[in-house]
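Residue numbers (our numbering): 4 to 102. These notes are about the structure you will find just below.
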């Protein structure tokens with residue numbers, strides 16, 4: 004039996020290839036909204052980023068999300084993504100501390 008293929012994606016922050024399940028998907032929907040997709044199933048153009056704030060800051064500095072989505076992204080959207088990532092990061096740390 005052949006082993007199951009693991010889909011790999013590149014992080015926009017650190018440019019490392021990682022398994023798709025380890026990364027967070029950022030979605031650009033047809034109506035122009037940009038949001039984090041925890042499930043990985045939302046409709047729209049997707050880009051992947053590591054769950055660390057350092058990767059989001061590197062992608063923000065180099066404007067990699069804008070290049071990936073071919074559109075201008077406002078600072079408010081970056082701030083909202085950063086806040087959502089911080090809340091997800093603290094929730095995962097709290098869950099690890101409880102275990």
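All C-beta atoms, glycine included, are put in the ideal place defined by N, C-alpha and C.
Buried/exposed call for residue i, threshold 16 Cβ in 10 Å
i          : result
residue 52 : buried
residue 9  : exposed
residue 16 : buried
residue 63 : buried
residue 75 : exposed
Own chain residues within Cβ distance below 8 Å of residue i, not counting five before or after
i          : result
residue 11 : 20, 21, 22 and 23
residue 33 : 46 and 47
Local conformation of residue i per DSSP, three classes
i           : result
residue 88  : helix
residue 103 : Since the first residue shown for the chain is 4 and the last is 102, residue 103 is missing from the structure and cannot be characterised.
Proximal residues to residue i (C-beta, below 7 Å), its chain only, five neighbours per side dropped
i          : result
residue 14 : 21, 26, 51, 52, 53 and 58
Cβ-based neighbour list, residue i, same chain, cut-off 6 Å, excluding 5 preceding and 5 following
i          : result
residue 55 : none
residue 67 : 15
- Segment contact, 8 Å Cβ cut-off, at least three pairs: the region 26 to 43 with the region 68 to 85: With the cut-off at 8 Å, the region 26 to 43 and the region 68 to 85 touch.
- Task: Pick out the complete alpha helix (DSSP H) segments inside the region 11 to 80, 4 residues or longer, and give them in chain order.
- Result: Listed in chain order, the complete alpha helix (DSSP H) runs (minimum 4 residues) inside the region 11 to 80 are 56 to 65 and 67 to 72.
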